Amino acid sequence: MDIIEYIQLVFTDYTLRTITLGTAILGAVTGMLGSFAVLRKQSLLGDAISHAALPGIAIAFLITGAKDSNTLLIGALISGLIGTFWIRGIVTKTHLKSDTALGLILSLFFGFGMLLLTFIQKQPNANQAGLDKYLFGQAATLVESDVWMMAIVTGICLIVMLTFWKEFKILLFDADYTKTLGFNTKFIDVLITTFIVLAIVLGLQTVGVVLMSAMLLAPAAAARQWTNSLSVMVFLAAIFGAFSGIFGTAISASQNNLSTGPVIVLVASVFVVFSFVFSPSRGLLFKQIRFIKNRRDLELHKTLAFMHQIAETHDNISHPHAIKLLNNFQGYTKNTLQKLVEKDYVQLRGNMWNLTEIGFDTAANLYTKQSTEDE
Amino acid sequence: MSNAQIEIQIIASLVAVACAIPGTFLVLRKMAMISDAISHSILPGIVVGFFITQDLNSPLLILLAALTGIITVVLVEYIQKTGLVKEDTAIGLVFPALFSIGVILIAKNANDVHLDVDAVLLGELAFAPFDRFLIGGIDVGPKSLWVVGTILLITISLLFLFFKELKVSTFDKGLAASLGFSPAIIHYGLMSVSSITTVGAFDAVGAILVVALMIAPAAAAYLLTTDLKKMLALAISFGIFSAIMGYWVAHWLDASISGSITTVLGLVFLLVYLFAPSKGIIAVMYREKQQRTEVSLLTFLLHLKNHDEVEERHVNHLSEHINWQKVQAKTVLDLATKNNMILIENNVVSLTKKGDEFTSKAIDYIITNEDAQIEDMKDDFFLFRG
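Protein sequence lines correspond, in order, to chains X and W. Sequential numbering of the first sequence, starting at 18, is according to the numbering used here. Sequential numbering of the second sequence, starting at 185, is according to the numbering used here.
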């Protein structure tokens with residue numbers, strides 16, 4: 018199946034269109050809210066919340082007996098929120114650290130959820146099949162109403178985020194200052210957290226409990242590498258998330274036996290790796306290039322300074338010296354010498370070198386003035 | 185109790201002990217989430233190992249999977265070192281990616297692999313006794329019993345051999361380094377033990393519930409004691425208790441054993457969290473309330489000392505002059521009267537000699553910036569606490 022054919026199929030085929038739209042919207046909303054989670058150093062909260070949502074799904078099913086995804090998601094939302102606030106309770110009221118609290122709630126809630134799920138499976142009620150899709154997610158089970166639900170929640174998220182943009186932003190970067198300004202930090206905090214929980218719960222059906230945290234983190238972590246501005250980061254994260262969803266769906270649709278959730282997560286991870294390496298200002302590649310450049314610069318300066326030291330001992334600065342002299346100085350290479358010649362700092366005659374007027378001046382001022390002309 | 189039932193309980197208890205020991209150190213070193221990451225990311229290792237060995241209990245598979253766990257740790261640390269993202273983000277990025285690879289590997293080879301993801305996440309203790317370990321045709325017990333037993337033995341001997349080193353490096357890295365214990369070796373040693381334990385236990389209790397067995401007993405124990413040996417002992421006993429209780433709950437509900445072990449662990453933690461003598465939530469709340477009252481009392485006494493005028497000291501004016509927010513004026517007045525610090529005549533409050541002395545000392549401490557001393561002073565002056 019080639020690409021054009023696939024794109025046509027996306028627009029014509031109901032299932033594919035629904036899934037692509039669903040994963041794209043999901044990726045956008047989780048990327049958007051994930052930016053806040055990442056910047057608030059709550060990256061792993063998503064992992065804990067998604068696991069903590071499991072017993073909620075099981076209990077909602079036990080109470081209502083309905084398999085309607087919206088009912089189950091309300092259960093997930095409630096138990097996710099309970100998990101979140103319990104984590105907060107543990108961290109603020111006891112001396113247990115946040116990693117312990119996260120791990121605790123994550124594993125305990127998940128275990129309890131599994132207990133309930135296996136308990137439900139043993140029930141005579143034939144309606145129970147399919148609850149385990151929440152473990153790894155089954156994008157194929159998405160229907161149009163689910164996508165509408167996602168779109169509505171995303172819309173609400175957007176509206177709330179735009180309304181409270183200033184508050185969210187200031188709380189993110191300086192919580193104490195926010196408090197002194199008279200904002201109700203607790204309310205803003207709860208608002209952000211609730212929306213993060215909501216986004217996670219929305220994704221459970223598609224990506225599943227176990228991998229949901231990556232949907233929250235990866236687009237945001239990738240976006241963080243490209244910008245230092247919050248609004249750009251949120252926007253980029255939404256784009257990355259949406260494209261992870263679209264590409265992930267496409268790849269998994271083109272192959273047999275490839276579940277959508279893990280593929281989306283891997284696509285998002287590729288975005289992250291790409292951003293880590295190729296981002297111009299923070300990326301590893303450019304950092305390495307800058308590092309090498311700086312080192313060369315330093316070597317050049319060292320050679321020049323050494324030459325200056327020698328030239329200073331003579332009245333005539335253009336008095337020639339043997340290149341051999343530089344040998345006992347490790348900063349000297351053929352390359353650096355050639356560079357110095359190109360810059361007219363040095364003249365080479367056979368085996369001899371001498372500083373030029375410009376070279377002498379530059380060397381004299383090397384460490385006293387900031388020069389940006391050098392490479 | 186049938187033979188199989190006893191065997192299941194023994195395996196569960198051994199797993200609990202094997203997890204509780206590294207778990208205690210992970211909790212103390214603030215690395216609890218690493219165990220979560222390891223438990224997820226060993227999946228590709230297990231799958232690849234399974235392709236090679238075709239046996240979930242083979243030692244080679246355990247080593248391969250444990251290696252994946254260590255790779256996870258190294259990767260996380262590498263990403264942290266680049267400084268591109270925060271530490272916890274690094275963890276959150278690495279393990280879902282590895283886990284996804286594992287899930288895809290399983291799905292792509294579903295026909296050849298007798299391994300499904302549910303089993304990896306959950307394990308199934310109930311089947312453990314059916315997989316027997318035969319030496320020369322003689323049945324010597326379930327395979328997983330031997331696997332977990334060996335891991336436990338290694339863990340315990342390492343614990344005894346390196347207890348001192350572990351202890352020092354956990355609480356004071358700098359001291360450990362200056363004493364000549366390499367923190368890196370101890371760190372990776374602990375990570376290796378955690379990885380191997382996770383792999384060994386995953387067959388029995390599943391990848392995610394290993395995390396519960398590692399963290400929950402240790403966290404509950406940490407709320408009860410600050411002594412490392414006692415903490416280890418408590419964590420181990422919580423683990424064993426939950427393992428056995430969990431088995432019977434599962435038996436009664438006819439549900440997943442590992443799920444119910446975790447649920448029992450959760451209940452144990454909840455009880456400790458609520459009722460631990462000095463660090464439980466109720467004790468903490470009580471102490472906070474007490475301190476709030478006592479701080480208000482001090483404010484009140486300072487106010488009295490500063491004002492001789494009758495109208496400033498009138499009971500009805502208290503709420504105006506001092507900003508009582510959360511504490512009732514009555515509680516504070518009662519406490520002060522009980523401790524003989526104030527006298528109330530005709531609704532006008534005045535300091536007693538003792539109250540005056542207390543307040544003067546408190547002022548001295550406040551001026552010299554030694555507020556902490558006030559806490560000790562309270563023991564000398566107070567007959568009743570807030």
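Beta carbons are placed, not taken as given, at the ideal position from N, Cα and C, and that holds for glycine. From a predicted model like this one, the values you see are computed outputs, not experimental measurements.
Whole-angstrom Cβ separation of residue i and residue j, contact assumed at under 8 Å?
{"i": "X/Phe126", "j": "X/Leu71", "result": "7 Å"}
{"i": "W/Met215", "j": "X/Asp116", "result": "7 Å"}
{"i": "W/Gln193", "j": "W/Ala427", "result": "7 Å"}
Please report how far the alpha carbon of residue i lies from the alpha carbon of residue j, in whole angstroms.
{"i": "W/Phe235", "j": "W/Leu248", "result": "11 Å"}
{"i": "W/Lys357", "j": "W/Ala403", "result": "21 Å"}
{"i": "X/Ile104", "j": "X/Leu98", "result": "10 Å"}
{"i": "W/Leu329", "j": "W/Ala434", "result": "20 Å"}
{"i": "W/Gly384", "j": "W/Leu393", "result": "13 Å"}
{"i": "W/Ile465", "j": "W/Ile290", "result": "44 Å"}
{"i": "X/Leu121", "j": "W/Ala520", "result": "43 Å"}
{"i": "X/Glu22", "j": "X/Ala267", "result": "12 Å"}
{"i": "X/Ser271", "j": "X/Ile20", "result": "10 Å"}
{"i": "X/Thr40", "j": "W/Lys265", "result": "32 Å"}
{"i": "X/Thr197", "j": "W/Ile288", "result": "50 Å"}
{"i": "X/Asn87", "j": "X/Ala168", "result": "14 Å"}
{"i": "W/Lys562", "j": "X/Leu152", "result": "55 Å"}
{"i": "W/Val332", "j": "W/Tyr372", "result": "21 Å"}
{"i": "W/Val232", "j": "X/Lys319", "result": "53 Å"}
Please state whether DSSP places residue i in a helix, a strand or coil.
{"i": "W/Asp323", "result": "strand"}
{"i": "X/Glu316", "result": "helix"}
{"i": "X/Ala255", "result": "helix"}
{"i": "W/Arg213", "result": "coil"}
{"i": "W/Ala310", "result": "helix"}
{"i": "W/His498", "result": "strand"}
{"i": "X/Met250", "result": "helix"}
{"i": "W/Val383", "result": "helix"}
{"i": "W/Glu529", "result": "strand"}
{"i": "W/His487", "result": "helix"}
{"i": "X/Ser34", "result": "Reading off the sequence shown, one finds Arg at residue 34 of chain X, where the question assumed Ser. Of the three classes helix, strand and coil, the one that applies to X/Arg34 here is helix, per DSSP."}
{"i": "W/Leu567", "result": "coil"}
{"i": "X/Phe212", "result": "helix"}
{"i": "W/Gln557", "result": "helix"}
{"i": "X/Leu132", "result": "helix"}
{"i": "X/Arg307", "result": "helix"}
{"i": "W/Ser534", "result": "strand"}
{"i": "X/Val227", "result": "coil"}
{"i": "X/Arg241", "result": "helix"}
{"i": "X/Asn382", "result": "coil"}
{"i": "X/Leu275", "result": "coil"}
{"i": "W/Ala439", "result": "coil"}
{"i": "X/Ala339", "result": "strand"}
{"i": "X/Leu233", "result": "helix"}
{"i": "X/Asn368", "result": "coil"}
{"i": "W/Leu407", "result": "helix"}
Considering only their Cβ atoms, is the gap separating residue j from residue i smaller than 7 Å?
{"i": "X/Gly44", "j": "X/Ser261", "result": "yes"}
{"i": "W/Ile338", "j": "W/Ala200", "result": "no"}
{"i": "X/Val358", "j": "X/Gly376", "result": "no"}
{"i": "W/Val452", "j": "W/Phe422", "result": "yes"}
{"i": "W/Met217", "j": "W/Ile275", "result": "yes"}
{"i": "W/Phe314", "j": "W/His224", "result": "no"}
{"i": "W/Ser353", "j": "W/Phe365", "result": "yes"}
{"i": "W/Ala196", "j": "W/Tyr549", "result": "no"}
{"i": "W/Pro228", "j": "W/Ile285", "result": "yes"}
{"i": "X/Leu148", "j": "X/Leu159", "result": "no"}
{"i": "X/Ala238", "j": "X/Val55", "result": "yes"}
{"i": "X/Leu275", "j": "W/Thr447", "result": "no"}
For residue i, is the beta carbon positioned less than 6 Å from some heavy atom of the ligand FAD?
{"i": "X/Met232", "result": "The ligand FAD is absent from the structure shown, which contains no ligand whatsoever."}
Touch test, the stretch 409-426 of chain W against the stretch 87-97 of chain X, Cβ-Cβ under 8 Å, three pairs minimum: no
Validate contact between the stretch 194-204 of chain X and the stretch 218-235 of chain X using beta carbons, cut 8 Å, 3 pairs: no
Cβ contact check for the stretch 108-123 of chain X and the stretch 175-185 of chain X: 3 or more pairs under 8 Å: no
Meets three-Cβ-pair contact criterion under 8 Å: the stretch 300-314 of chain X and the stretch 333-340 of chain X: no
Touch test, the stretch 58-69 of chain X against the stretch 261-277 of chain W, Cβ-Cβ under 8 Å, three pairs minimum: yes
Three CB pairs or more closer than 8 Å across the stretch 74-85 of chain X and the stretch 284-296 of chain X: no
Three-pair Cβ contact test at 8 Å for the stretch 459-474 of chain W versus the stretch 544-556 of chain W: no
The stretch 121-136 of chain X contacting the stretch 436-444 of chain W, beta-carbon criterion three pairs below 8 Å: yes
contact_flag[the stretch 209-218 of chain X, the stretch 31-38 of chain X] where n(CB pairs < 8 Å) is 3 or more: no
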